[in-house]
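Visitor:
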Amino acid sequence: MRKILSLALLLSMPLLAKNDIDIDISAAINDTNLKNLANKCDWSKGDYEACSILKDTLSAKCDEKNFESCGALGILLIYLRREEDATEALNKACDAELLNFCLNAGMHDLYYTGNIKRAFVNLKKVCDAAIEPSKKKLACKMSYGLEQCLNDDECNPVKKAKELLE
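Here the sequence shown stands for residues -17 to -1, 1 to 149, where the numbers follow mature numbering (1 follows the signal peptide of the UniProt record, and there is no 0).
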């Protein structure tokens, strides 16, 4: 499952290097049945029914306030090309202070929603936290650059985000 979701995120964010974002959803996918579904819901296998059951299960767990499941659901929804739903799920996980998903939520906002202010808030959470150095470095680079741009009326935050990712 981790391989699938990491691949989904990387494919949805082509400018990021492989090591920039690592998704640990082991707490959300902790039973054998879900792991089996996740393995079937793979680019190489592409079992739609498995993806659908996995999505429904993670969604139900997210509704029960299992925020790891919300984050995992967000990544799965990116894989399924359901960007708006992915944004909502990732932000639920981030609001619960699951920092790996805050990084994902911030980057997803930059790429898909254009909500630069929310991206900044989520990336700043990661930057301000004690977290793995490579994730912190990316989040800090993005949040510092965006903060300067958000405070400058002549700066285009979307253009700035693209520049920061190059």
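Positions of the beta carbon are idealized from the N, C-alpha and C atoms, including for glycine.
1) In three-state terms, what does DSSP make of Ala88?
2) Take Gly89 and list the residues in its own chain whose beta-carbon comes closer than 6 Å to its own, dropping the five residues that flank it on each side.
3) Compute the distance between the beta-carbons of Val109 and Cys132, then report whether it is under 8 Å.
4) Using the Cα positions of Gly29 and Tyr94, report the straight-line distance between them to the nearest angstrom.
5) Where does Ile4 land, buried or exposed, given buried means 16+ other C-beta within 10 angstroms?
6) Hey, which unbroken runs of the alpha helix (DSSP H) at 4 residues or more fall wholly within the stretch 88 to 126?
7) Should Ser117 be labelled buried (16 or more other beta-carbon atoms within 10 Å of its own) or exposed?
8) Span of the alpha helix (DSSP H) holding Gln39?
Guide: Straight from the coordinates:
1) helix
2) Ala102, Asn105, Leu106
3) Inclusion of Val109 and Cys132 in the CB contact set at 8 Å is not warranted, their separation being larger than that value.
4) 25 Å
5) Bear in mind that a pLDDT of 31 at Ile4, under 50, signals an unreliable position, so the number given afterwards is only what the model happens to contain. Buried, by the Cβ-count rule.
6) 99 to 111
7) Ser117 counts as exposed, since fewer than 16 other C-beta atoms from the protein chains shown sit within 10 angstroms of its C-beta.
8) Reading the sequence as shown, one finds Asp at residue 39 and not Gln. Note, Asp39: alpha helix (DSSP H), 31 to 46.
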